[in-house]
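Reviewing the structure listed below.
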DNA sequence: ACACCCGAAAAGGTACTACCTTTGATCTGA
DNA sequence: TCAGATCAAAGGTAGTACCTTTTCGGGTGT
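Following this line, the structure appears as structure tokens:
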């Protein structure tokens, strides 16, 4: 391997192609349990397995180490860590778990997290949202009812994602907002998996609207309660 | 720099000393805003600044990149990212923010997160805790009353941390459990900063006990409500 | 036979060098 | 003035050499 051998699919604009490939491959294997806790890797072995230089392998190992997926031990190699050590909020770890056998568990955990975070976020949004945010949220709430009643599931999903994202944003808490992508993935996943009824239930539509209006009107308690009610059904179906 | 120059304080057991130092220094500067969004670094510059090789600098940059603190751009250098891009759940990012000017904001965010997560965790614990966990939690609840009434603040803190950690663990949700260290830091921080009254209030003692007993008795609704009540006071003092 | 010590080897950590690739900036010519 | 070609800066990758830590095994002494 003197120069090339960039394995075909190399997006030109992308910064660093090799690392991404290797990190994803190993991360996925660890998340899936293909590489179980205590499994040992070596830099040299990976070098040959992926056909890259030590430099690249080490970079990748640093990244996996920073997610607590592996820990390097001299004379031993790179030891795979158990799930309780992982940085389970790292978007990549979540994605790997969602793409493998751990999908159901990850969904359950994320749903609990939604049930915890979103009501509080709604309450904070009712207090801190800007004027424009309040209006937009209220408009989205009405859109949701229209799309839901019309049975336009895909459009409903898009607006639903925007709605929940905006609530997180309006909460003013960056730790809540950081969950937007993951929550969007949960919402999308429910639709894709057909976990949604063909027509969103009246209760859900009403709850969305109530949350939206409560936030618009600055009623924190109502926003929190209605968001709880909205999440209760989907949450209980999982426990 | 041929061999040595390990700057004195090199813990022997610790794996890799250089990277830790550099990552911490830069991470802290970025978290503090000393290196604001858009600031540019170069590998060469850091090499000289820290007196280490390119290898080490690149390893560190990979770690910071994986936290979304920087993004490498060819011909430009390493560009510092804005706070909205950071992996705000990475324990190191949280620690850096807690150690600098962002401390108050980070505390506020974490308190909101506690208010969101802990009640749900308590409810889940009431449903899923093992027998041993239920007994232990109940015992800790009683200990807290005793220590609180006796005014033993330090011992109270230790038991309080164990209590909240155990609830997170008993919830069975690994994303909740992953917050244990951060939550422990918040609890400890409150005591250190003297934000706690010298004698924990009767209301807090009672709420702890009620949560503990509700979990022991498998009463999810009560556990959730009492945990909410417990967190309400500290939470409202912050908004 | 057991315990201790020491040496060898394995594996990661660090340094250094050379070259490729990308990309912004500059310079030149129409 | 603008478009295109050229240049150079900075990161990306490869490869090599050597240091340091750690484990294992064998040898030695009691």
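Chains as they are written, first to last, in my numbering: chain V, 11 to 249; chain D, 11 to 249. In this text, a Cβ means the ideal position worked out from N, Cα and C, and glycines have one as well. Remember, it's a predicted structure, so these values are computed and weren't measured experimentally.
Query, Result
"Using a Cβ-Cβ cutoff of 8 angstroms, what residues of the stretch 212-236 of chain V are near chain D? List them in chain order.", "none"
"Kindly indicate the opening and closing residues of the beta strand (DSSP E) around residue 88 of chain V.", "87-90"
"Are there three or more Cβ pairs, one per stretch, closer than 8 angstroms when the stretch 100-110 of chain V is compared with the stretch 172-180 of chain D?", "no"
"How would you write the range of the alpha helix (DSSP H) that residue 29 of chain V sits in, first residue to last?", "28-42"
"Residue 202 of chain D: buried (16+ other C-beta within 10 angstroms of its C-beta) or exposed?", "exposed"
"Assuming residue 136 of chain D and residue 228 of chain D form a contact by the criterion Cβ under 8 angstroms, report the distance between their Cβ atoms to the nearest whole angstrom.", "5 angstroms"
"Residue 86 of chain D: buried (16+ other C-beta within 10 angstroms of its C-beta) or exposed?", "exposed"
"Examine chain V for any beta-carbon lying closer than 9 angstroms to the beta-carbon of residue 186 of chain D, and answer yes or no.", "yes"
"Starting from the C-beta of residue 100 of chain V, find all residues in its chain whose C-beta is less than 6 angstroms away, skip the five residues before and the five after it, and write them out in chain order.", "77"
"Check residue 81 of chain D in the structure and name its three-state DSSP category.", "strand"
"Excluding sequence positions up to five away, which residues of its chain have a Cβ less than 7 angstroms from the Cβ of residue 237 of chain V?", "128, 129, 132, 221"
"Taking residue 93 of chain D as the query, report the chain V residues whose CB atoms sit under 9 angstroms from its CB, ordered along the chain.", "184"
"List the residues of chain D whose Cβ lies closer than 8 angstroms to the Cβ of residue 196 of chain V, in chain order.", "Ordered by position in chain D, no residue passes the 8 angstroms Cβ test against residue 196 of chain V, which lies about 12 angstroms from the chain."
"Of the residues D:180, D:80, D:32, D:124, which one's Cα is nearest the Cα of residue 246 of chain D?", "D:124"
"What three-state label does DSSP hand residue 74 of chain V in the structure shown?", "helix"
"Quick one, which of D:73, D:70, D:97, D:143 has its alpha-carbon nearest residue 185 of chain V's?", "D:97"
"According to DSSP, residue 50 of chain D sits in a beta bridge with which residue or residues?", "D:89"
"Relative to the C-alpha of residue 39 of chain V, which residue among V:68, V:84, V:93, V:126 is closest?", "V:93"
"Just mark residue 144 of chain D as buried or exposed, buried being the case when its beta carbon has 16 or more other beta carbons within 10 Å.", "buried"
"Can you say whether residue 119 of chain V is buried or exposed, counting buried as having 16 or more other CB atoms within 10 angstroms of its CB?", "buried"
"Where does residue 245 of chain V fall in DSSP's three states?", "helix"
"Less than 7 angstroms between C-beta atoms, sequence neighbours within five positions excluded: which residues of the same chain meet that for residue 146 of chain V?", "176"
"List, in order along the chain, the chain D residues whose C-beta lies closer than 7 angstroms to that of residue 126 of chain V?", "126, 127, 130"
"Kindly list the residues whose CB is nearer than 6 angstroms to the CB of residue 153 of chain D, restricted to its own chain and excluding five residues on each side of it in sequence; keep chain order.", "169"
"For residue 90 of chain D, which option in D:75, D:32, D:232, D:134 has the closest C-alpha, if you only look at C-alpha atoms?", "D:75"
"Quick check: what's the CA-CA separation for residue 115 of chain D versus residue 47 of chain D?", "18 angstroms"
"If you check the beta carbons only, do residue 200 of chain V and residue 29 of chain D fall under 9 angstroms apart?", "no"
"Measuring CA to CA, which of D:217, D:42, D:197, D:183 is closest to residue 164 of chain D?", "D:197"
"Please check if any C-beta of chain V sits within less than 9 angstroms of the C-beta of residue 67 of chain D.", "no"
"Counting only beta-carbon atoms, is residue 119 of chain D nearer than 9 angstroms to chain V?", "yes"
"Which residues in the same chain have their Cβ closer than 8 angstroms to the Cβ of residue 217 of chain D, if we skip the five residues on either side of it in sequence?", "236, 237, 239, 240"
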